[in-house]
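Everything on this sheet refers to the single structure shown next.
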Amino acid sequence: MSGAVQHFEVAFYTPISNSNRGMELCRLANGILVLLISDPADTSVSCSLSVASGSHADPDEALGLAHLCEHTILSAGSKKYPRSSHYHEIVAQNGGSHNAYTTGENTTFYFELPASNDSGELLFDKVLDVLASSFKNPVFSDSSINKEIYAIESEHNINKASTPKQLYHATRLLGNPRHSFSRFCTGDFATLCEEPSLHKVNVKAALCQYFKTNYDAAEMALCLRGPQSLNALTKLAKKYFGDLPANRVRGPSRPPLKKRPSSRLASQDLHTRPPHSENSKQQVQAQDAFVSDTFNLVSIQSSKNPVLRLVFPVSHKSTRLTFNDIAALSENWCDFFGDEGVGSLAHCLRINNLIEGVVASVASFSAGNDGLILEFALTNLGWSSPQLIISILFDLFIPHLIHDKTEDIAQCLSELNCTDLLTFLYQGAEKSSMEMCAVLSSRLLTVFETLDPECLLKGSPLIECNQNFSVIGDYSESAESQTWWIGRAIKFQNFVSEFVNRHNLRIVMLGNCSKSSLLSTVSSFSRTDAHYEFDYQISKVDMLSVREETYHIPDFTFCVPCYDMFLPTVGRKLGLIKQALQASSSQAQTSLLTVITRNAYLQSVPRLAGKNSNYELWVKEEESDLSFKSKSIISIEIVSKTIEACPFYTMCLEVLAQLLGASLSTILYPSEKLGYTYEISPSAKGHVRLSFTVSGFPEGVYAMVRIVIDQTKSLINSDTISPAMFRKARVAVRNKYEEAASANSTNLATLGLLIVLEEYMWPVEDRLDALEEIDIESFKAFCSEFISKPTYLNLFSQGDLSYTEEISAWLDVGLTSHLSRRPRNEPAVREPVTQTLDPGTNMFIRRSAFAEDPSSSIVYFIQIGDRDDAQMLSLTCLAEFLMSMTLVPDLRTKKQIGYAVFSGLRLLSTTMGLHITCMSSSPPEHLESQIDQYLAYMEHDVLGTMGEDEFQERYLRKFRITFEREGTTRPSGATGSAGSADLLAQIEANVHSGNLLEQGAAMRQHKRIRNQISTHRYNFSSDLEPADLSLLRSLTLGQFRRFFQDKISIYSATRSKLSVMVASPVSADEIAGKRLFLQVESYLKLKGLKIPSSELRAIVESSQGKPSTLVRGLFKFFLARGETLKLCNVILRELSRAVFLSFKPHSTNNDSAGVLHDMRKEVSTAVPLLEVQANHFRQQEFPAG
């Protein structure tokens, strides 16, 4: 704790939603950069620690070592806290959340906790001490290392089925083999067990050396956030992290920053140092990540919906542009090339039926190596001829728009600059404080190197015109400004010419390789990836030859993006935006002097502002919530009172949503850049209702709602739907279901539970059959009936309510007539219900996963009772709380049945219960058995040995404190570990803006209240129905045991339980055979022994998994090819050893529970397990609503 803390005077650019927070940047004596965030309104505390080292520092003999270090450093414990998983347990026991991740060049650890005391000791202090101790003196035990290698293997098995992970790994295959980016980075059994053994590398010794070399305090950044004062947070940082060891001496190499006046600081000038010295892993490597003499086209064989990814590497060494220029121009590139508005590249490709969508992004491959990524979701026509898409890009779009319209580009760049500042200024509060801390600590590692400290919250640099001293305004402000922006446009054109060209292009494809004309015209190598196990073709092609004549493409006028329709008044002048940004930043700097109490931030309550038999209007003012400054969110739900739910009508609404999306996307796309969002969705529950949600600046929201209403009315009441439009909408619906069917097995099992138990959640087969029945005439007939027959309107407006009445009136005239229609004898709206499982139910439903998914999953659901039963809900949430502390340690850490293991409350329409969800390479029947054993362990070893005092103090008191503090029966960390309790409320809208997932806490809260209004559950203060606080205050251990024994215990004859199993169609033998083939192939290449893949595959298959037979077959092959006997003996003896290791069970030491085998005896349930079909419950009558 010795040494002064150096405080930097930084005027952070700050959005309005953050202007109440105090922020300070400082550096501890050991070199750790620290960002402190004090927010008196926070009800949680957060911490994130980032280390400037990642997978690019892996040794070649142990790929994934950085990832293993991330896993092991906290799970293994420390000398001060030697108990394994102590960190994870203390966070879970106190209702917190934690996570960590490893990238190529940094590793970040973060957690979040309720801001509460624990028996007089500050909980935050306790967890900070546990966290910091692991970075001072970690204990890398053999058992922890083995367990975490298994966890990494399980994690990687999940990644294998992920399309984004596959595409990113395929991009690595095109990288420079002499650069660390080209290597596999996650790690698995092969790279962390078998290959180190072959190279005689001790993994534990390598891990200790990696930690010693890379986990240096001078290479770390810390972020602390909470309601404490900045002074208190400074003391916490110094106390717990000030003595982390710094192994190397850093010299000053940057200009000095201003010091904050303080008597604690030394008087000499304070020089900053770059977090990454000359020897740092984040320094630009000698080699570029991509070079011209390597492969430039790779295609993954897959039955998923086809994807085309165009990659344009950007090497900072090869250009004269500064980092700030590269960052700003790359962002501009995304805006132009990823635009989906009228006259865009995407618009042209869509109307020619080549693509379904496009995403433009910037990837950071390594320090000094970025990538401009243009990814297209293709139609079948687009997949069959990707060279046409490439030709339109290079021969039409870039020449006709980018290089021919300099003045238009200059004006657009000016608008984009204003929208960028405006979006940052008015961005909402983040969803998770710990996630934001993780982002900020990671950014801190690049402060002074690539990012000015003032721009830390923004995450990207400001261009010159945005500096306070600049006289440059927006494009139309003056001749001087116009000249400057034209110069900026020319710089952008040169940037595109330099990097976005055929010579610099890399192509990554995913789809059915046999149906792509491009692949049939190039010479390629067919291979199987050793780590992701996908088959692929890889080539080195002349990109100048990848073209197709575009003469048959109809004339198309390309236009620059235009945002004028949705710009608020304040966004039309750069000077006004700069003033507003300066005012917000100044407010943040003086917030330390402002007394802010949490009471000032108490949430307002929605109020009913209008109601009759046709509608209800709810409003929620947000005068004290800065996230809603100049912002509105409005939701509209139109519910049919008379049309009975059925699959046919559900699919009609889905087609209508796709038609609306297709007709609105190009019109509304410019709004996304300004932070507006929109979504259009039929009811997730399957009944006949259509909903819209729009957010953004109030006047823009009003304009967007009018556009949506008018377009809906036009589609329903006229003949504007052509057969081609209708056919395309049906195809889009089908593609959506095909994409959903290729999701991982956990998602399929989770949705399967809803389909089985919810009244109108029709099975996919029923939905697709109904889709086939719909023709354009029956669709129009449904639409006419939907809007002409009586409907009920739910309208909810939040934030700035300026246009609420106007929106209601526009709806009345244009669509719903809810104000003008006279009341008639109309039926009331009936909400769907959930199937109630009979007491004594113990059933399972088994389905197959996607063909390429190697993992299986189970959702083990125990139905407890009625959703409105406050007593049962309280007891169920308490059971969830107990399970959050025991499930992962038992099933994932000790028994290691899989990487994804979680449990929690599950709320259905009218019932609720507990779920345990597992994803694993083991069959789902094995997972069922393991969960049964866990529940028996919970009953006998946890509850059975617990005393009343322990129950009251360790569990019930903490749970009750959480409830009384937050007004909910769920711990704040439960959502992070178990996901949302109400899955139906989380189902993503069919059609939505591309930036919807970026919305923060404000949108999350709005959707919760919107759903409560829709279902007439008006408990607006909480996600859940009210709990029984009096029960929690008087509950005894005996009462809770009786609840557990009746409702949850496997020995209960009255328990109601249903499992949904989704099994991988790939057999264990197939997986083992494929992995053995890849392992042997990789090893033989390493040793320089060549064998055709077909010959090797035949030898592996004939060995039937027997190492001795395999080695004999290879020995015979190489001797017949003239290899020397001595060479064959030496190499094949090593191979035999490697194969033996791969077949040997991976287990931990004897002092821990086994990894691949069960440690407890099998248990038997009171009610035998019975398999049923998915339609079993649909043959029964659902209870009346």
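Numbered according to full-length UniProt numbering, the sequence shown spans residues 1 to 1185.
Glycine included, C-beta positions come from ideal geometry on N, C-alpha and C.
Bear in mind that the values here come from a model prediction, so they are computed numbers and not experimental data.
Selected residue, minimal CA-CA separation from residue i, among the options
i, options, result
"residue 354", "333, 855, 318 and 391", "391"
"residue 293", "337, 503 and 584", "503"
"residue 122", "1002, 1092, 660 and 233", "233"
"residue 1065", "956, 335 and 851", "851"
"residue 495", "312, 586 and 926", "312"
"residue 582", "604, 954, 467 and 335", "467"
"residue 90", "67, 126, 61 and 80", "126"
"residue 66", "6, 211, 137 and 622", "211"
"residue 396", "518, 440, 559 and 524", "559"
"residue 188", "174, 155 and 175", "155"
"residue 539", "44, 245 and 296", "296"
"residue 1050", "1116, 930 and 1062", "930"
"residue 1021", "153, 472, 87 and 607", "607"
Inter-residue Cα distance where the pair is residue i and residue j
i, j, result
"residue 105", "residue 56", "6 Å"
"residue 1222", "residue 240", "Within the shown structure, residues of the chain are numbered from 1 to 1185, placing residue 1222 beyond reach of any answer."
"residue 215", "residue 700", "49 Å"
"residue 1195", "residue 52", "The chain is shown only over 1 to 1185; residue 1195 falls outside these bounds and no answer can be derived."
"residue 668", "residue 678", "9 Å"
"residue 881", "residue 676", "37 Å"
"residue 82", "residue 139", "7 Å"
"residue 811", "residue 674", "25 Å"
"residue 692", "residue 986", "15 Å"
"residue 871", "residue 951", "18 Å"
"residue 192", "residue 1076", "16 Å"
"residue 774", "residue 656", "12 Å"
"residue 500", "residue 371", "10 Å"
"residue 585", "residue 198", "57 Å"
"residue 536", "residue 478", "55 Å"
"residue 403", "residue 337", "13 Å"
"residue 1175", "residue 512", "33 Å"
"residue 1189", "residue 289", "The displayed coordinates of the chain run from 1 to 1185. Any statement about residue 1189 would go beyond what the structure contains."
"residue 487", "residue 527", "48 Å"
"residue 1032", "residue 331", "53 Å"
"residue 703", "residue 566", "8 Å"
Cβ neighbour criterion (16 or more within 10 Å) applied to residue i
i, result
"residue 898", "buried"
"residue 940", "exposed"
"residue 40", "buried"
"residue 564", "exposed"
"residue 76", "buried"
"residue 469", "exposed"
"residue 200", "exposed"
"residue 206", "buried"
"residue 309", "buried"
"residue 781", "exposed"
"residue 410", "buried"
"residue 1095", "exposed"
"residue 16", "buried"
"residue 247", "exposed"
Anticipated Cβ contact below 8 Å, residue i with residue j, distance rounded
i, j, result
"residue 1163", "residue 936", "5 Å"
"residue 622", "residue 799", "5 Å"
"residue 44", "residue 92", "Between residue 92 and residue 44 the Cβ distance is about 15 Å, and since that is not below 8 Å, they are no contact."
Could you tell me which uninterrupted alpha helix (DSSP H) segments, each at least 4 residues in length, are contained entirely in the segment 1041-1115, listed from first to last along the chain?
1068-1086 and 1093-1103
Tell me the start and end of each unbroken alpha helix (DSSP H) in the UniProt domain "Peptidase M16 N-terminal" (34-169) that is at least 4 residues and wholly inside, in chain order.
65-75, 86-93, 123-136 and 142-159
Could you give the uninterrupted runs of the alpha helix (DSSP H) lying entirely in the segment 181-246, keeping only those of 4 residues or more?
Whole alpha helix (DSSP H) segments, 4+ residues: 195-198, 203-214 and 230-241.
Return the chain-ordered ranges of every beta strand (DSSP E) run that is complete within the segment 347-373 and spans a minimum of 3 residues.
DSSP runs (the beta strand (DSSP E)) wholly in the segment 347-373: 355-366.
Can you list, in chain order, the stretches of the beta strand (DSSP E) that have 3 or more residues and sit fully within the segment 815-856?
Listed in chain order, they are 842-848.
Taking only runs of the beta strand (DSSP E) that begin and end inside the segment 867-935, which ones reach a length of at least 3 residues, in chain order?
900-907 and 911-920
Segments of 3+ residues assigned as beta strand (DSSP E) that fall wholly inside the segment 668-754:
677-682 and 689-696
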